[in-house]
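Presented below is the structure to which this report refers.
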Amino acid sequence: MSSSRRQYPFHLIEPKWQKFWEEQQTFRAWNPGDPIPAEHPFAQRHGLSAKAAEPQLPPKFYILDMFPYPSGAGLHVGHPEGYTATDILARYRRALGYNVLHPMGWDAFGLPAEQYAVKTGQHPRKTTEENIATFKRQIQSLGFSYDWTRELATTDPDYFKWTQWIFLRLYNSWFNPETNKAEPIETLRYPPEFRPPHPALSPGGGEAGPAVAGPGEGDTASNSQPIDRDLEAKRRAYRDSKRLAYVSEQPVWWCEALGTVLANEEVIDGKSEVGDHPVVRKPMRQWMLRITAYAERLLNDLDTIEWSHSLKEMQRNWIGRSEGAEVQFQILNSQFSIAVFTTRPDTLFGATYMVLAPEHDLVELIVTAEQRAAVNSYKTEVAKKSDRERTDAAKEKTGVFTGAYAINPVNGEKIQIWIADYVLASYGTGAIMAVPGHDTRDLEFAQKFNLPIIQVVQPPDPTTDWRGFVDEGIAVNSVNEEISLDGLPTREAKRKIIDWLESKRLGKRTINYKLRDWLFSRQRYWGEPFPIVWKRDASGNLYHEALPESVLPVLPPSLTDYKPTSTGEPPLARAKDWVSLPDGSTRETNTMPQWAGSCWYYLRYLDVKNKDAFTGKEAEHYWMGAPSALNPQPSTLSPTPGVDLYVGGTEHAVLHLLYARFWHKVLYDLGDVSTPEPFFKLVNQGLILGEDGQKMSKSRGNVINPDDILKEYGSDAFRLYEMFMGPLQDAKPWSTKGVEGVYRFLGRVWRLFVDDKSETEFEQAETTAKTQRREELLELIELTPSIKETEPTKEQLKVLHACIKKVTEDLDGLRFNTAISALMVFVNEAMTWEVKPLSVLKPFLQLLAPFAPHIAEELWDKVHSAFRASRSALAYAPWPKHDPALLVEDTLEIPVQVNGKLRDVITVAATASQSELEAAAMASEKVKPFIDGK
RNA sequence: GCCGGUGUGGCGAAAUGGAAGACGCACGGGACUUAAAAUCCCGGGACCGUAAAAAGUCGUGUCGGUUCGAAUCCGACCACCGGCACCA
53 MSSSRRQYPF
63 HLIEPKWQKF
73 WEEQQTFRAW
83 NPGDPIPAEH
93 PFAQRHGLSA
103 KAAEPQLPPK
113 FYILDMFPYP
123 SGAGLHVGHP
133 EGYTATDILA
143 RYRRALGYNV
153 LHPMGWDAFG
163 LPAEQYAVKT
173 GQHPRKTTEE
183 NIATFKRQIQ
193 SLGFSYDWTR
203 ELATTDPDYF
213 KWTQWIFLRL
223 YNSWFNPETN
233 KAEPIETLRY
243 PPEFRPPHPA
253 LSPGGGEAGP
263 AVAGPGEGDT
273 ASNSQPIDRD
283 LEAKRRAYRD
293 SKRLAYVSEQ
303 PVWWCEALGT
313 VLANEEVIDG
323 KSEVGDHPVV
333 RKPMRQWMLR
343 ITAYAERLLN
353 DLDTIEWSHS
363 LKEMQRNWIG
373 RSEGAEVQFQ
383 ILNSQFSIAV
393 FTTRPDTLFG
403 ATYMVLAPEH
413 DLVELIVTAE
423 QRAAVNSYKT
433 EVAKKSDRER
443 TDAAKEKTGV
453 FTGAYAINPV
463 NGEKIQIWIA
473 DYVLASYGTG
483 AIMAVPGHDT
493 RDLEFAQKFN
503 LPIIQVVQPP
513 DPTTDWRGFV
523 DEGIAVNSVN
533 EEISLDGLPT
543 REAKRKIIDW
553 LESKRLGKRT
563 INYKLRDWLF
573 SRQRYWGEPF
583 PIVWKRDASG
593 NLYHEALPES
603 VLPVLPPSLT
613 DYKPTSTGEP
623 PLARAKDWVS
633 LPDGSTRETN
643 TMPQWAGSCW
653 YYLRYLDVKN
663 KDAFTGKEAE
673 HYWMGAPSAL
683 NPQPSTLSPT
693 PGVDLYVGGT
703 EHAVLHLLYA
713 RFWHKVLYDL
723 GDVSTPEPFF
733 KLVNQGLILG
743 EDGQKMSKSR
753 GNVINPDDIL
763 KEYGSDAFRL
773 YEMFMGPLQD
783 AKPWSTKGVE
793 GVYRFLGRVW
803 RLFVDDKSET
813 EFEQAETTAK
823 TQRREELLEL
833 IELTPSIKET
843 EPTKEQLKVL
853 HACIKKVTED
863 LDGLRFNTAI
873 SALMVFVNEA
883 MTWEVKPLSV
893 LKPFLQLLAP
903 FAPHIAEELW
913 DKVHSAFRAS
923 RSALAYAPWP
933 KHDPALLVED
943 TLEIPVQVNG
953 KLRDVITVAA
963 TASQSELEAA
973 AMASEKVKPF
983 IDGK
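Right, here's the structure in full:
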């Protein structure tokens, strides 16, 4: 670190103005109906007064950061990158006259605090509170203009009460495929009979919705005595199977030795990553959210929002829409048929065998006696593998013949049915028709097991080998008595064969998504408990029921031991008194995942203290920008409503950002919010790398601690450097030398304004002063006498207005690095002026203020007191506008190019006409040799 | 393998069809200083030249194309980064 002399007394200036802003409530954002004190600078700027019957708020601007998980390690340099960018824009928008909402909070549920509790017995709430205090201190020392009256933490009972409430909204809703939206569960109509066909067994395939069967359906099938009591149970099971929040059996990894479930990533070669203990697949009852119902809308609505191309692509890939057909294959000598999904129905004539996922329900029903032993041992082997091993595309294909055959519906061929783990139970129907001629995986499998391979597509280039050709071409060898695809290009062949299949009721057009329903329960302590209880009906059937809204929030019990129980039950199950209710019902003991709280926090900020609702309607209308009397025109940046700008890391591209959009759409359908999308514009800040260009990590020893930088250079320099490094969206390496560069720039700004004699006096006084008086000593520092109330020269005005123009345009385009270089250009220029006109330097401070607010406030203050002007609040001073007339040059330097090569630079009057210009260019001595004779 | 992004001085970068390298870092020279730090001033793409200049040539990952003119637009390729990955 540098031993350089301090450039300016930031150590006094920064705390001084942070205190000032807090005392004045400078950055408080006002809701409709709030009584705004007349003396508040926002009220003064906009002529608002609490006495006015209906104060008219200016247009809103909602600028949001991804709230942090307050870890024990404290802030790292990556956090302030996005936070600085949003702070600059928040301050800029305030100066432009917007009512700016810029809040901060804590995503505070999470595993680290719980693991610490398991080790030490300290309650996670205590750890969390300590970490929040550290984070808050660090964030506040950066001088961000958050409205701290809106601070929230997802772990506050007042907050998670509403997380639980929103869960109940999901629980009490179903997705109506006819209206394509969520509706209250009461609108669900029961079908004439309540034995929904098992999707895998039904010819013609299931209805809309995921293929996963809820346990309710299973219960119904196994208890089908035709008595009234059971009719009620059936109705309930049907209803429960349609809810947006439903229960399902899911296999998870269970480690006996560790007494906990493990994530897929934590399991390696059938052993736990930690301790190398054996793990087993164990089906567990899990809560799921029906996000798949929204796949289409989540995909389509991406077109209505301003997110980066790559981020949208990530979400599109994650949702994974593919168009194709579902086709039925009759099983030979059996009542059953196999449904398959294919994107290439045009290759149906090339289907020479079929493959079921090992877990497919039909396997048990069709396997022949001779093959049963082989099939069972294969299934056991597969069950032991981790998902990662199973889905490793590089590994060799494995599989076993079931002994059964199916009939290819287009040519009546008898084809073998195999099981293999390259077919996933969780995608499509869990079964495929194998076309080894034109599918890489099928070809590999067919070659290994000697299955027939035939050509049905001709590649456009006849020299290409048709074997394994998977792209579009011309159909061949695809004829039966009724239909011929031969000669048709792939696209037309698809259309023709699907039409034929539909007319024969052998298949239908289908769309499939990769997106799976969201596994929403965790066996953890430190999360939101579900507002759900379990009961038994008179027949002994277990069922779940929502707790009434009036008992929310459901608080977690206190425990002394936070470890998971040995039975695999969540730790909450240990609190017997908490689990059992007087009426004999028992509480759900799973908790919600960490994503739950972050799914809607941006809505709570709007009206954080509301006791009666998750957010206030009026506040929601105003801040989310739904057109209304309060908000007649959407902001300039966001023509469609929502959060105007959301900045955060790319690591949430498909988790938080997809989940939050999903919840928001459910709330929109139910009338709880007024916009279909939550975040209109979203920007991902790039990663800050270590000085060595590598990702920062403890093990590399290249981690930069913001506290060290702040201590040495102050927060203005830190903020400025984070923005000056390069474009916000790019990854870029840290350079402490670079911090020194912008720090020197701030020193030059300081010296541009202050009298150095007075500063020397200040420095001497400071070394002898008592600690608590130091801040007042800043008043010893005087403005330099070279700043005068004189008329600026034309040149000076030009320099200023060029700077205004550049900074303003760059802020609108989020180009902070070039905006800062424009400020540097101004200062470099202004340093050469002997007399500095006040009317030029004041607007410069306004331009500087969003970037380096503390030094700007201090100098703004000095400028006003030196000229005995009444001090207007810098934060609300109207943003300067550039005058294009002042930027016009009398003469211009015009480069003259001949055939694209620079040959001369000529100086002409700005008013010169085209022909004058040409004449001047032709007359140039340097140009002549190049145009002679041409 | 598929999808997306990025390639410009010693380094971070700027310029998005019209003077390549703004601004900053590092470096070199000078002023101030007993000296250093800090500060202020000057200079830095390469080659070829020259006592020093000037003039000239080349130069934005590689190769090709469009254009009076290309870092920028188009095509092919290479490298790196990120995401997904047996999704039928």
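To convert, note that position 165 of the first sequence is 217 in our numbering; the numbers rise steadily by one, no gaps. A virtual CB, placed ideally from N, CA and C, is assigned to each residue, including glycine.
Short of 6 Å in beta carbon distance, which residues of its chain neighbour GLU811, apart from the five on each side in sequence? Order them along the chain. Along the first sequence, read from residue 1 onward, the residue named residue 811 stands at position 759. Answer for GLU811: ILE833, listed in chain order.
Cβ contact (3+ pairs, closer than 8 Å) linking the region 217 to 233 and the region 787 to 797: no
How many Å lie between ALA377 and LYS556 at the Cα? Here residue 377 corresponds to residue number 325 of the first sequence, with the count starting at 1. Here residue 556 corresponds to residue number 504 of the first sequence, with the count starting at 1. ALA377 and LYS556: Cα-Cα distance of roughly 14 Å.
Candidates ARG826, THR136, PRO335, of which the one nearest HIS154 by Cα: The residue given as residue 154 occupies position 102 in the first sequence. Considering only alpha carbons, the answer is THR136.
Verify whether the separation of the beta carbon atoms of PRO581 and PRO623 is less than 8 Å. For the purposes of this step, residue 581 is taken as the residue at position 529 of the first sequence. For the purposes of this step, residue 623 is taken as the residue at position 571 of the first sequence. No, these two residues do not count as a Cβ contact at 8 Å.
My output table needs one value for ARG442: the three-state DSSP class, helix, strand or coil. On the first sequence, position 390 is the one that residue 442 refers to. Residue state, collapsed to three classes: helix.
When DSSP labels each residue in this structure, what does ARG771 get in the three-state scheme? Reading the first sequence from its first residue, position 719 is the one you call residue 771. Residue state, collapsed to three classes: helix.
Cβ-based burial, MET180 [other Cβ within 10 Å; buried from 16]: Start at 1 with the first residue of the first sequence, and residue 180 comes out as number 128. Checking the sequence, you will find Thr at residue 180 rather than Met. Buried is the call here.
To the nearest angstrom, how far is it from the Cα of ALA972 to the Cα of VAL948? If you number the first sequence from 1, residue 972 lands on position 920. If you number the first sequence from 1, residue 948 lands on position 896. Taking the straight line from one Cα to the other gives about 10 Å.
Would you check if the distance between the CB atom of TRP570 and the CB atom of TYR711 is smaller than 8 Å? Taking the first sequence and counting its residues from 1, one reaches residue 570 at position 518. Taking the first sequence and counting its residues from 1, one reaches residue 711 at position 659. Yes, the Cβ-Cβ distance between TRP570 and TYR711 is below 8 Å.
From what residue to what residue does the alpha helix (DSSP H) around ALA137 run? Within the first sequence, numbered from 1, the residue matching residue 137 stands at position 85. Looking at the DSSP string, the run of the alpha helix (DSSP H) that includes ALA137 is 130 to 148.
Contact between the region 589 to 599 and the region 725 to 742: three or more CB pairs below 8 Å? no
Here's a check: name, in chain order, each residue in its chain whose Cβ is nearer than 6 Å to the Cβ of GLU640, leaving out the five neighbours to either side. In the first sequence, the residue the question calls residue 640 occupies position 588. These residues qualify, in order along the chain: PHE582, ILE584.
Taking the C-alpha atoms as reference points, what is the distance between ARG333 and ALA904? Here the question's residue 333 lines up with position 281 in the first sequence. Here the question's residue 904 lines up with position 852 in the first sequence. Answer to the nearest angstrom: the Cα atoms are 56 Å apart.
Which same chain residues, not among the five before or five after ASP659, have their C-beta less than 7 Å away from its C-beta? Here residue 659 refers to the residue found at position 607 of the first sequence. These residues qualify, in order along the chain: ASN83, THR667, GLY668, ALA671.
Exposure label - LEU363; buried when at least 16 CB within 10 Å: Locating residue 363 in the first sequence gives position 311, where the first residue counts as 1. With 16 or more Cβ atoms within 10 Å of its Cβ, LEU363 is classed as buried.
Pull the bridge partners of ASN564 from the DSSP assignment, please. Counted from its first residue, the first sequence places residue 564 at position 512. Note: ASN564 sits in a beta bridge opposite SER374.
Helix, strand or coil for ASP117? Go by DSSP, reduced to three states. Taking the first sequence and counting its residues from 1, one reaches residue 117 at position 65. DSSP places ASP117 in strand when its eight states are reduced to three.
Cβ neighbours of THR420 in the same chain (closer than 8 Å, five flanking residues each side left out): Translated into positions along the first sequence, residue 420 becomes position 368. Once the five neighbours on either side are set aside, the close Cβ partners of THR420 are THR454, GLY455, ALA456.
Let me know the alpha helix (DSSP H) ranges lying completely inside the region 894 to 938, each 4 residues or longer, listed in chain order. 905 to 918
Please return the same chain residues whose Cβ sits closer than 6 Å to the Cβ of ALA925, not counting the five positions on each side in sequence. Taking the first sequence and counting its residues from 1, the one referred to as residue 925 is at position 873. If we look at ALA925 and ignore the five residues flanking it on each side, its Cβ neighbours are PRO93.
Exposed or buried, THR562, counting other C-beta atoms within 10 Å across all chains shown (16 or more means buried)? Stepping through the first sequence from its first residue, residue 562 is reached at position 510. THR562 should be labelled buried.
If contacts are defined as beta-carbon pairs under 8 Å, then ALA297 and LEU222 qualify, I think. What distance do you get, rounded to the angstrom? Residue 297 sits at position 245 when you count from the first residue of the first sequence. Residue 222 sits at position 170 when you count from the first residue of the first sequence. Right, the Cβ-Cβ distance comes to about 4 Å (below 8 Å), so this counts as a contact.
Are there three or more Cβ pairs, one per stretch, closer than 8 Å when the region 891 to 898 is compared with the region 847 to 855? yes
Which runs of the beta strand (DSSP E) fall wholly inside the region 342 to 414 and span at least 3 residues, in chain order? 373 to 383, 389 to 394, 405 to 408
Is the beta carbon of TYR928 less than 8 Å from the beta carbon of ARG145? Sequence index remark: in the first sequence, residue 928 carries index 876 (1-based). Sequence index remark: in the first sequence, residue 145 carries index 93 (1-based). Result no, Cβ atoms of TYR928 and ARG145 do not sit closer than 8 Å.
Provide the residue span of the beta strand (DSSP E) that contains GLY455, from first to last. As a working note, residue 455 is residue 403 in the first sequence. Per DSSP, GLY455 belongs to the beta strand (DSSP E) from 452 to 459.
Sort out for me which residues DSSP pairs SER536 with in a bridge. Your numbering for residue 536 matches position 484 in the first sequence. Answer by DSSP bridge pairing, in chain order: VAL531.
Give the range of the beta strand (DSSP E) segment to which GLY23 is assigned. Examination of residue 23 is not possible in this model, given that the chain is present from 53 through 986 alone.
Starting from ILE550 and walking both ways along the alpha helix (DSSP H), at which residues does that stretch end? Reading the first sequence from its first residue, position 498 is the one you call residue 550. Unbroken alpha helix (DSSP H) run through ILE550: 542 to 555.
Opposing strand residues paired with MET644 [DSSP bridges]: In the first sequence, counting from the first residue as 1, residue 644 sits at position 592. Bridge partners of MET644: none, in fact.
For the region 497 to 508 against the region 368 to 385, do three or more pairs of beta-carbon atoms, one drawn from each stretch, fall closer than 8 Å, so that the two count as touching? no
Checking 8 Å against the spacing of the C-beta atoms, do ILE467 and ALA458 come in under that value? As a position in the first sequence, residue 467 is number 415, starting the count at 1. As a position in the first sequence, residue 458 is number 406, starting the count at 1. Cβ atoms of ILE467 and ALA458: closer than 8 Å.
Taking the beta carbon of VAL407 as the centre, do at least 16 other beta carbons fall within 10 Å, making it buried, or is it exposed? Counting from 1 along the first sequence, the entry for residue 407 is found at position 355. Classification of VAL407: buried, given that the 10 Å Cβ count is 16 or more.
Looking at the structure shown, is ILE471 part of a helix, part of a strand, or coil, going by DSSP? The sequence position of residue 471 within the first sequence is 419, counting from 1. Strand, per DSSP.
Under a Cβ-count criterion, where at least 16 other Cβ atoms within 10 Å of its own Cβ denotes burial, should GLY48 be classed as buried or exposed? Since the first residue shown for the chain is 53 and the last is 986, residue 48 is missing from the structure and cannot be characterised.
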